[in-house]
Every structure is written in structure tokens, then in C-alpha cells.
Amino acid sequence: MEFLTAHGPALLFYLFAAMALGSAVLVVTMRNPMYGALSLLVSFLSVAVLFFLRNAEFVAVVQIFVYGGGIMVLFLFVIMLINLHRLHEVRMFAQSAPLGILVGVLLVALFVFSFVGVGFGPALATPENMVSVEGQAAGNSEAVAWLLYRQYLLPFEVASVFLLVAMVGAVILGRRN
Amino acid sequence: MSIPVSVPIQWYFLLAGALFVIGALGALSRRNGITIFLSIELMLNSVNLLIVAYARVVGERTGDLLTALNGQILVLFVLAVAAAEAAVGLALFIAIFRGRRTIDVNRLNLMRW
């Protein structure tokens with residue numbers, strides 16, 4: 005029990021990081037996009053747990069709702085609409101795949117170069133007062149809402165109009181003419 | 155209640171980088187249009203993870219408590235853009251499939267020089 009309280013967050017991180025990575029590899033390597041979409045769902049849920057571990061509870065729940073609920077249902081319906089019965093006859097990878105692998109290797113080199121050895125100073129704030137608003141302690145959702153509806157009100161409204169435009173565009177594009 | 159950080163922050167960076175590279179490989183090398191879309195969603199999600207982790211650690215180190223929350227709000231906007239992109243993109247694929255009976259991106263070469 006003591007071991008769990010001391011190392012619980014680290015163990016959770018390793019477990020769900022491994023799950024996110026493994027299911028991400030499955031997304032790319034699965035021939036059937038249906039299995040790929042379900043692996044992507046596992047990856048999204050694992051990343052939501054990692055959000056929880058970073059004290060971003062509201063973002064984690066929104067991730068589960070929007071990605072795990074909305075976007076994933078959209079993907080699954082579209083995959084079912086599109087006829088994939090000749091899937092086993094086509095090649096999985098494009099002719100430009102070696103170029104893609106080259107870009108991937110360059111990205112790995114870039115990330116390792118920029119992330120390994122990054123140093124940060126000592127922590128000045130404790131996680132407890134990361135969720136306080138104007139000196140008052142608040143939950144993460146409260147704090148996010150406080151910022152979103154005051155400082156970021158205009159971007160919030162723009163985002164809602166943007167979503168409406170996207171919805172109308174999707175309806176028009178998907179319409180049978 | 156808040157969860158203590160016990161993993162070095164660089165691990166979050168490397169995990170986000172690894173997810174991004176896997177997504178980029180899928181988006182650049184697969185032929186199935188839907189799988190390319192799934193890979194792009196994977197890349198967007200990895201960037202979200204990086205933003206949350208980085209905003210939190212910068213907020214802690216500078217003592218500016220709102221930094222972490224600003225990062226989380228940025229993630230919410232990225233989520234909105236991802237949702238719109240998925241809706242429009244999948245509608246596009248349905249329209250393409252109606253006309254061409256395929257979503258193999260190698261055969262969608264009408265606009266190729």
C-alpha cells in the first residue's frame with residue numbers, strides 16, 4: 005500500500021503511456037480502418053488518463069466526451085458507410101512510404117535533440133494552488149470556466165461560430181445531389 | 155486533491171513526440187484515406203498532451219499560476235478545431251467515395267500536375 009501511494013502516479017503514467025503508444029502503432033499498422041479507429045479510441049482514453057495525472061481534469065473529461073464520444077462515432081459511421089470489401093486486394097502503403105519514413109526519422113532526431121536535457125528550475129508553486137482563481141481555491145472546472153468566460157470570451161464565441169460553419173459545410177458536402 | 159508529479163517532465167515530452175511521429179508516419183505512408191485521417195487525429199492529440207504537460211510545468215516553475223490554465227484552454231480550442239476538421243474531412247471522403255468508388259489516395263490524382 006505504501007509502495008502504491010508513493011509510486012502510484014508513476015506506475016499509472018508508465019501503464020497508460022505504454023497503452024497509448026501501443027494502440028497508436030496499431031492505428032498505423034492495422035489494414036482494416038475499423039480496427040484502427042478502435043485502437044485510436046484506446047489511445048485517446050489513455051491520453052485522457054495522462055491529462056488527469058497532470059491535474060487537467062476538465063480537459064480529460066472533455067477529451068473523453070469529444071474524442072471518445074463524438075469524433076469516434078463519426079469515424080465509425082463513415083467507415084461503415086464506405087464499402088471496404090476489396091480491402092485485402094490493395095496495398096497498404098503508398099509508394100511515397102520511404103519518404104515518409106525519412107521524415108519520421110528526422111522528426112525523431114529533432115524531438116530527441118530538443119527534449120533530452122531540457123532543464124527547468126525548482127518549482128515555485130505547488131500543485132494545490134495551481135487551481136486557485138484570484139486567491140480563492142477552486143476546482144479545475146471552475147478555474148477553466150472562470151478564464152474561458154472572462155478572458156477568452158471572444159475566442160470562445162468565435163469557436164462556436166466556427167463549429168457552426170463546419171457543421172453546415174459538412175452537411176452540404178455530404179448531401180446527395 | 156492533487157496528484158504529485160513523480161515522472162520527469164521530459165517523459166511527457168518524449169511520449170508526445172513519439173505519438174506525433176507515429177501519426178506522421180501513418181499520415182505520410184498509408185493509402186487508405188480514413189487511416190490517414192485517424193493518424194492526423196493522433197498527431198493533434200499528441201500536441202494536446204504536450205501543451206498540457208508543458209503549461210503545467212512552466213506554471214509551476216515561474217509561479218505564474220494561470221499559465222497551466224491558459225494551456226488547458228488552448229487545448230479546448232484545439233479540440234474544437236479537431237472536431238470541425240473531422241466532420242468536414244469525413245464528409246469530403248463520403249462525397250469522394252460517391253463519385254470515385256474508392257478512397258485510395260494514390261488513385262485520387264485528378265489534380266496531380
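So the sequences go chain by chain: A and B.
Residue numbers for the first sequence follow the working numbering, beginning at 5 and rising by one.
Residue numbers for the second sequence follow the working numbering, beginning at 155 and rising by one.
Even glycine gets a Cβ: it sits at the ideal position worked out from N, Cα and C.
Burial state of residue i, where buried means 16 or more other Cβ atoms lie within 10 Å
i, result
"residue 234 of chain B", "buried"
"residue 109 of chain A", "exposed"
"residue 247 of chain B", "buried"
"residue 208 of chain B", "buried"
"residue 95 of chain A", "exposed"
"residue 143 of chain A", "exposed"
"residue 226 of chain B", "buried"
"residue 210 of chain B", "buried"
"residue 166 of chain B", "buried"
"residue 102 of chain A", "exposed"
Given residue i as reference, the closest of the options once Cα atoms are compared
i, options, result
"residue 104 of chain A", "B/214, B/179 and B/161", "B/179"
"residue 59 of chain A", "A/145, A/180, A/149 and A/165", "A/145"
"residue 230 of chain B", "A/75, A/21, A/99 and A/160", "A/160"
"residue 179 of chain A", "B/262, B/257 and B/244", "B/244"
"residue 196 of chain B", "B/258, B/162, B/168 and B/181", "B/181"
"residue 166 of chain A", "B/236, B/222 and B/194", "B/236"
"residue 238 of chain B", "A/10, A/164, A/7 and A/11", "A/164"
"residue 49 of chain A", "A/13, A/67 and A/155", "A/67"
"residue 51 of chain A", "B/223, B/228 and B/169", "B/169"
Closer than 8 Å to chain B by CB, residue i
i, result
"residue 68 of chain A", "no"
"residue 166 of chain A", "yes"
"residue 41 of chain A", "yes"
"residue 113 of chain A", "no"
"residue 154 of chain A", "no"
"residue 145 of chain A", "no"
Residue i at chain A interface by Cβ criterion, 8 Å
i, result
"residue 194 of chain B", "no"
"residue 171 of chain B", "yes"
"residue 262 of chain B", "no"
"residue 161 of chain B", "yes"
"residue 229 of chain B", "yes"
The ligand HEM heavy atom lying under 7 Å from the CB of residue i
i, result
"residue 223 of chain B", "Absent from the structure shown: the ligand HEM. Ligands present: none."
Legend entry - the segment 155–175 of chain A contacting the segment 166–173 of chain B, beta-carbon criterion three pairs below 8 Å: By the Cβ rule, the segment 155–175 of chain A does not count as touching the segment 166–173 of chain B, because fewer than three pairs are nearer than 8 Å.
Inset, instruction - Starting from the N-terminal side, write out each stretch of the alpha helix (DSSP H) that is 4 residues or longer and does not extend beyond the segment 139–166 of chain A. - result: Unbroken alpha helix (DSSP H) stretches of 4 residues or longer found wholly inside the segment 139–166 of chain A: 144–152, given in chain order.
Inset, instruction - Check whether the segment 248–265 of chain B touches the segment 179–199 of chain B, counting contact only when three or more Cβ pairs, one atom from each stretch, lie closer than 8 Å. - result: Yes, they touch.
Inset, instruction - Just list the alpha helix (DSSP H) runs in the segment 194–264 of chain B, keeping only unbroken ones of 4 residues or longer that don't cross its boundaries, in chain order. - result: You should have 220–254.
Inset, instruction - Pull out every residue of the segment 41–61 of chain A whose Cβ sits closer than 7 Å to any Cβ of chain D, in chain order. - result: Going by chain labels, chain D is absent from the structure shown, which instead holds the protein chains A and B.
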